[in-house]
Every structure is written in C-alpha cells, then in structure tokens.
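Engineer: Here it is, the structure, as structure tokens.
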C-alpha cells in the first residue's frame, strides 16, 4: 500500500537558483545534496514539515532527465510515494488492472535511489504522471512553519482522474492531499496536463516580502481552486516564476 506522498520531483536548468528560491524565498529546509553519476543528475532535497521537494538537474545530455528537460524545460517531473515493503508493493501493482489494462512498470525490481530503494511506474498507467515508489532509508523531520497541503492535478476530463485500484486506498486518505480537478485544455482528455503545488504557511506576509525583495511576481488569488478551505489569505506564483510549477500559497 502507498503510505504517503514522500516528495515532489522537479527538473530544473539551474539547481542553485531553484534551491535559493525554495529555501530562501519560500522557506524549505535543504537537507541533502548529491550527484548521482549513474543516473546523470545532481539532486537536492528540500523539506517542509510534512513533505519534500526533490530538485533534479542533469549533468549530461543523454540521461532521461536531460531529455525531459530539453523537451519540457523547468517543470514538474514525478511524484514519490513511500511504502513499507517495496517488493510487496511491486507484486501488488503487477497484479493490478485499471480499466481493463495491467499497470505498466518501468522497474520490475527495486533499485537504489536518492532516498532509498525505489521503483517507477510508467506514466502510461498514471495518466501522464511519472510515479516513484520508495522505501526511504531514513525519516527526516524538520521544524518548519511551512507545510505541503497537497497537489492538484488538472485534467480535461474526469476520465483522467486516478482510480483507487492504483493507490490501494482512497484519495482522501493521503497527506499531503491528492486532488483531481477538471479544466478545459487542448490536451488529450484522458491525460493529466498540469500540476499545482499547494503550500501552507503561518506567515504569508514574510513570503510576500521575500518575493517582493527578489522581484518575483505573484498575485492575489480568489478561492476558486481550494474553495473548501477556510483561510486568511491566498496568493499564487506562476510556473514561469517558480521553476515549472504553479504554486498556491495559503495562510490559515
């Protein structure tokens, strides 16, 4: 069973600038940095109180991440879910059928990754989202005013919403939350075409000050996307100003 959302992977051209944005502007804590030669990436992990951001920058021109960056630019790359037993979860996924199709795995067996033993599910089975499962080697906890409320998947049709069979639990049981919302797009109606990161802070005034000092634009947002939440203030940062992901910031 998938336990919780462990981290959100983002591919960037300049990992130093992206790290500065997430750490010094938004308030994430940098907890790990490593070059992984066999995967052709330099990686940084940044923590909120309940989830991590993984920044990836290719160190060559031939890796999968390098090709992804060339095609998509700075952008969301993958979601990672933690599991208690990765081999058991791979076995479950191999036996799982969604809408009459078997789940397709990139990795039939676990391999070593940045956070521990990992394996990937092919985006073909997850409506265009690369999904990683991991048995983390250690739990990193940080004291932070910042938390990840959830991820919003934007879809052209409800046909792209994930099915419970994939997750082996209800969407509402995840923390951070997974939400699927319908929004018109020219993309394939059976695919997820965009992703937003929803963050919660105790001090949105400080975040605004940080953004203003760095000349990073943001805008006041109406409660159109998270209308079920009672909050004091809300802003949004466009993906062009936040290394590839729209960010919604809430203060309760």
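Numbering (my numbering), first residue to last: 1262 to 1513.
Glycine included, each C-beta is placed from N, C-alpha and C at the ideal position.
Quick caveat, the model's predicted, so the values are computed rather than measured.
(1) Buried or exposed, going by whether 16 or more other CB atoms sit within 10 Å of the CB of residue 1273?
(2) Could you give the first and the last residue of the continuous beta strand (DSSP E) run that contains residue 1283?
(3) Could you tell me whether the Cβ atoms of residue 1292 and residue 1306 are closer together than 8 Å?
(4) Hey, is the region 1467–1477 in contact with the region 1431–1446, meaning 3+ C-beta pairs nearer than 8 Å?
(5) Should residue 1385 be listed as close to the ligand MG, given that the test is whether its C-beta is under 7 Å from any heavy atom?
(6) With respect to the beta strand (DSSP E) encompassing residue 1348, which residues constitute its N-terminal and C-terminal limits?
(7) Is it true that the CB of residue 1337 sits closer than 8 Å to the CB of residue 1459?
(8) Where does residue 1335 fall in DSSP's three states?
(9) Would you report the Cα separation of residue 1409 and residue 1509, rounded to the nearest angstrom?
(10) Under a three-way DSSP split, which group does residue 1419 fall into?
(11) Which runs of the beta strand (DSSP E) at least 3 residues long sit entirely within the region 1361–1393? Give them in chain order.
(12) Starting from residue 1269, follow the beta strand (DSSP E) in both directions and report where the run begins and ends.
(13) With DSSP as the reference, please indicate the residues paired to residue 1458 in a beta bridge.
(14) Thinking just about the alpha-carbon of each residue, which of 1425, 1314, 1295 and 1505 is nearest to the one in residue 1329?
(15) Go ahead and pull the three-state DSSP assignment for residue 1298.
(16) Are the Cβ atoms of residue 1343 and residue 1397 separated by less than 8 Å?
(17) What is the residue span of the beta strand (DSSP E) that residue 1425 lies within?
(18) Round the Cβ separation of residue 1499 and residue 1454 to the nearest angstrom and send it over; I've been treating them as touching at under 8 Å.
(19) Could you give the DSSP three-state label for residue 1433: helix, strand or coil?
(20) Applying the criterion that 16 or more other CB atoms from any shown protein chain within 10 Å of the CB defines a buried residue, is residue 1352 buried or exposed?
(21) Taking 8 Å as the threshold (C-beta atoms), are residue 1318 and residue 1269 in contact?
(22) Quick check on DSSP: helix, strand or coil for residue 1327?
Structural biologist: The relevant details are as follows:
(1) By 1-based counting over the chain shown, the position of residue 1273 is 12. Under this definition residue 1273 is a buried residue.
(2) Counting from 1 along the chain shown, the entry for residue 1283 is found at position 22. Segment: none, residue 1283 is in no beta strand (DSSP E) and carries neither H nor E.
(3) Here residue 1292 is taken as the residue at index 31 of the chain shown, counted from 1. Here residue 1306 is taken as the residue at index 45 of the chain shown, counted from 1. Yes, they are a contact pair.
(4) no
(5) For the ligand MG, the structure offers nothing, since it holds no ligand at all.
(6) Within the chain shown, residue 1348 is the residue found at index 87, counting from 1. No beta strand (DSSP E) holds residue 1348; the alpha helix (DSSP H) holding it covers 1347–1355.
(7) Within the chain shown, the letter at position 198 stands for residue 1459. Within the chain shown, the letter at position 76 stands for residue 1337. No, these two residues do not count as a Cβ contact at 8 Å.
(8) Here residue 1335 is taken as the residue at index 74 of the chain shown, counted from 1. Three-state DSSP puts residue 1335 in coil, outside helix and strand.
(9) Here residue 1409 is taken as the residue at index 148 of the chain shown, counted from 1. Here residue 1509 is taken as the residue at index 248 of the chain shown, counted from 1. Going from the Cα of residue 1409 to the Cα of residue 1509 covers about 10 Å.
(10) As a position in the chain shown, residue 1419 is number 158, starting the count at 1. Helix.
(11) 1377–1382
(12) Residue numbering aside, residue 1269 sits at position 8 when the chain shown is read from its first letter. Counting along the chain, the beta strand (DSSP E) containing residue 1269 begins and ends at 1263–1272.
(13) Position 197 of the chain shown holds residue 1458. For residue 1458, which the question treats as bridged, DSSP gives the partners 1412 and 1508.
(14) The residue labelled residue 1329 in the question sits at position 68 within the chain shown. Checked all of 1425, 1314, 1295 and 1505; the closest Cα to residue 1329 is 1505.
(15) Position 37 of the chain shown holds residue 1298. Reduced to three states, the DSSP call for residue 1298 is helix.
(16) One-based indexing of the chain shown puts residue 1343 at position 82. One-based indexing of the chain shown puts residue 1397 at position 136. Result yes, Cβ atoms of residue 1343 and residue 1397 sit closer than 8 Å.
(17) The count along the chain shown starts at 1 and reaches residue 1425 at position 164. Premise fails: residue 1425 lies in the alpha helix (DSSP H), 1425–1428, not in any beta strand (DSSP E).
(18) What you label residue 1499 is simply residue 238 of the chain shown in a count that begins at 1. What you label residue 1454 is simply residue 193 of the chain shown in a count that begins at 1. So it is not a contact: roughly 16 Å between Cβ atoms.
(19) For the purposes of this step, residue 1433 is taken as the residue at position 172 of the chain shown. Helix, per DSSP.
(20) Looking up residue 1352 in the chain shown gives position 91. When all chains shown are included, residue 1352 counts as exposed.
(21) Against the chain shown, residue 1269 aligns to sequence position 8. Against the chain shown, residue 1318 aligns to sequence position 57. No. Outside cutoff.
(22) Indexing the chain shown from 1 puts residue 1327 at position 66. Looking at residue 1327 - three-state DSSP - the assignment turns out to be helix.
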